[in-house]
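Trainee: Below you'll find the structure I mean.
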Amino acid sequence: KNAAAVTSGQKWVLFNWESPENSPAYNVRHLFNHIDWFINYRRDSDIYVPYGSVTKCDTKWHNEDLFDGKSGFVAWIVSNCHTSSNRETYVNDLRKHIDIDIFGNCGQYCSRDGTCLSAIVKKYKFYLSFENSLCKDYVTEKLFKIISYDIIPVVYGSADYSLIMPDNSFINVKDFKTTKDLAKYLKLVSNNKQLYNSYMLWKKSYCPQLTHYKYFCHLCRKLNEYSPRKPTNRWNRTNLIEWYIDGGDCRRPTFN
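Basically our numbering = 1-based index in the sequence shown + 97.
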């Protein structure tokens with residue numbers, strides 16, 4: 098369909114949280130020449146709205162000994178079993194070295210009402226926060242939802258996690274050459290009470306939160322800051338594709 102006529106002073110906004118690998122953006126290509134602002138998880142978006150954030154705060158979290166209360170090793174809740182990040186292949190290889198319990202569409206049944214997740218994070222020591230796409234800045238609720246619980250996330254993605262998370266708050270797959278090396282380290286942490294609990298100390302000073310619902314607040318602020326004297330339209334069909342699709346810097350997994 099043809100785009101409606103643009104009213105003078107009207108701002109057109111494209112809101113898309115999917116990675117370029119799974120993006121419906123091409124379905125609205127006929128609108129690209131009208132887009133003024135792009136709301137996205139990318140840090141260089143016109144309106145940057147990540148899935149979540151971690152900020153300094155006064156917390157009520159206490160330095161509890163979480164180690165002894167956990168009898169499970171590694172858990173993963175997953176609904177998409179065939180992804181561009183090929184995370185499922187990585188997990189299958191990792192399972193050759195350690196036990197991983199998989200829940201959701203790709204494993205054991207797990208209810209969606211929150212009771213299953215609550216039981217899992219209480220029982221297990223590690224959770225696989227693996228993204229379905231390896232794209233620039235792409236970090237979803239797979240991490241931000243989990244860090245609200247007392248469990249160590251193991252992350253797999255292409256974002257710079259040091260810009261998002263406090264030091265010593267996660268274990269990054271990228272830091273290990275092979276799945277065997279990662280498995281060896283997870284075993285080490287799993288068997289060392291002091292080392293395990295050290296990954297929870299950040300909770301004394303930081304608060305995680307889901308922020309995706311705040312996009313209207315960011316948009317409202319942008320509109321209030323808008324001045325007709327400052328041209329805002331920097332998008333057309335060509336450069337929007339170049340910025341989002343090509344500039345998304347999505348990569349193929351490098352493991353075998």
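Where is the CB? At the ideal position from N, CA and C, for every residue including glycine.
Model, not experiment: these values are computed from the prediction.
#1: Between the Cα of Y341 and the Cα atoms of W109, E115, Q107 and G106, which residue gives the shortest distance?
#2: For D234, tell me which candidate among R348, K108, Q107 and V110 has the shortest Cα-Cα distance.
#3: Where does S208 fall in DSSP's three states?
#4: Ends of the alpha helix (DSSP H) at S150?
#5: If you follow the alpha helix (DSSP H) that A172 is part of, which residue opens it and which one closes it?
#6: Specify, as a first and last residue, the run of the alpha helix (DSSP H) that C314 falls within.
#7: Please go through the region 173-249 and give each complete beta strand (DSSP E) segment of 3 or more residues, from N-terminal end onward.
#8: Taking DSSP's pairing of strands, which residues face V110 in a bridge?
#9: Helix, strand or coil for V270 per DSSP?
#10: For F313, count the other beta carbons within 10 Å of its own beta carbon; 16 or more makes it buried, fewer makes it exposed. Which is it?
#11: May I ask which residues mark the beginning and end of the beta strand (DSSP E) holding L292?
#12: Go through its chain and collect everything with a Cβ distance to L337's Cβ below 7 Å, but skip five positions before and after it.
#13: With DSSP as the reference, label I261 as helix, strand or coil.
#14: With C-beta atoms as the reference, is I261 less than 8 Å away from P305?
#15: Going by C-alpha distance, which of L231, V175, L240 and Y221 is nearest F267?
#16: Looking only at its chain, what residues have a beta carbon closer than 7 Å to the beta carbon of L279, apart from the 5 residues adjacent to it on each side?
#17: Just how far apart, CA to CA, sit F227 and G254?
Mentor: Once the coordinates are examined:
#1: Nearest Cα to Y341 within the set W109, E115, Q107 and G106: E115.
#2: Scanning R348, K108, Q107 and V110 for the CA closest to the CA of D234 turns up R348.
#3: Coil.
#4: In the DSSP annotation of this structure, S150 is not part of any alpha helix (DSSP H); the continuous beta strand (DSSP E) holding it starts and ends at G149 to K153.
#5: From DSSP, A172 is part of no alpha helix (DSSP H) but of the beta strand (DSSP E) over G169 to I174.
#6: Where C314 is concerned, the enclosing alpha helix (DSSP H) stretches over Y312 to E322.
#7: Counting only runs of 3 or more, we get 197-200 and 221-227.
#8: In the DSSP output, where bridge partners are listed per residue, V110 has W134.
#9: Residue state, collapsed to three classes: helix.
#10: Burial call: exposed.
#11: First-last for L292: K290 to S295, but that is the alpha helix (DSSP H), not the beta strand (DSSP E).
#12: Cβ neighbours of L337 beyond the five flanking positions: F129 and I132.
#13: Coil at I261, not helix or strand.
#14: Contact: no.
#15: The candidate whose alpha carbon is nearest that of F267 is L240.
#16: Around L279: L191, V270 and F273.
#17: In a straight line, the C-alpha of F227 is about 7 Å away from that of G254.
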